C-alpha cells in the first residue's frame with residue numbers, strides 16, 4: 002500500500018495547497034489530492050474554474066483498516082483534453098461512471114473508492 006504519491010513528481014503539495022483547507026484536509030495523502038467522490042468533484046470544479054487543467058485522475062481504495070492502495074479496477078483517465086474546462090468535463094463523467102460501477106460492485110467490500118487528481122503546472 003502506497004503512503005505517498007507513488008513517486009509521481011507531478012502529484013505535488015502544490016495541488017493540495019491550491020485547495021481550500023476544508024477540502025485538502027480530507028485527502029488520504031499529504032503529497033497529492035486523493036479525495037472521496039463528492040469532495041473530488043468539488044476540488045475538480047474549483048481548480049478548473051481557476052484555470053488549472055486536470056492532467057489525469059485515478060481510483061484509490063481506502064480499506065476498512067485505514068490503509069490505501071491504487072485501484073486495479075478503476076484506473077482512471079488515459080488522455081484528457083488540453084483545454085481545462087473540457088478536461089474537467091471528461092474527467093467528471095469518467096469519475097461518475099467509475100463511482101456508479103463501484104456502487105454496484107465494489108472492488109473490496111467495506112472499502113471506499115477515492116479519486117487521485119493530478120493537475121498540470123501550465
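Numbering (the numbering used here), first residue to last: 2 to 123.
All C-beta atoms, glycine included, are put in the ideal place defined by N, C-alpha and C.
Source: prediction; values computed, not measured.
query: Please work out which residues of its chain come closer than 7 Å, Cβ to Cβ, to residue 63, disregarding the five sequence neighbours upstream and downstream, and give them in chain order.; result: 29, 69, 112, 113, 115
query: Fully enclosed by the stretch 31 to 84, which alpha helix (DSSP H) runs are 4 residues long or longer?; result: 38 to 50
query: In the structure shown, what three-state DSSP assignment does residue 95 receive?; result: helix
query: Could you give the DSSP three-state label for residue 23: helix, strand or coil?; result: helix
query: So is the beta-carbon of residue 72 under 7 Å away from any non-hydrogen atom of the ligand FMN?; result: Summarising the ligand content, the structure contains no ligands, and the ligand FMN is consequently not present.
query: With DSSP collapsed to three states, give me the class of residue 118.; result: strand
query: Can you tell me whether residue 100 is buried or exposed? The criterion is at least 16 other CB atoms within 10 Å of its CB, across all chains shown.; result: buried
query: Whose CA, out of 58, 86, 110, lies closest to the CA of residue 51?; result: 86
query: Can you pull the DSSP bridge partners for residue 113?; result: 63
query: For residue 44 versus residue 20, is the C-beta distance shorter than 8 Å?; result: yes
query: Using a threshold of 8 Å, state whether the C-beta atoms of residue 49 and residue 42 are closer than that.; result: no
query: Kindly indicate which three-state DSSP category residue 16 falls into: helix, strand or coil?; result: helix
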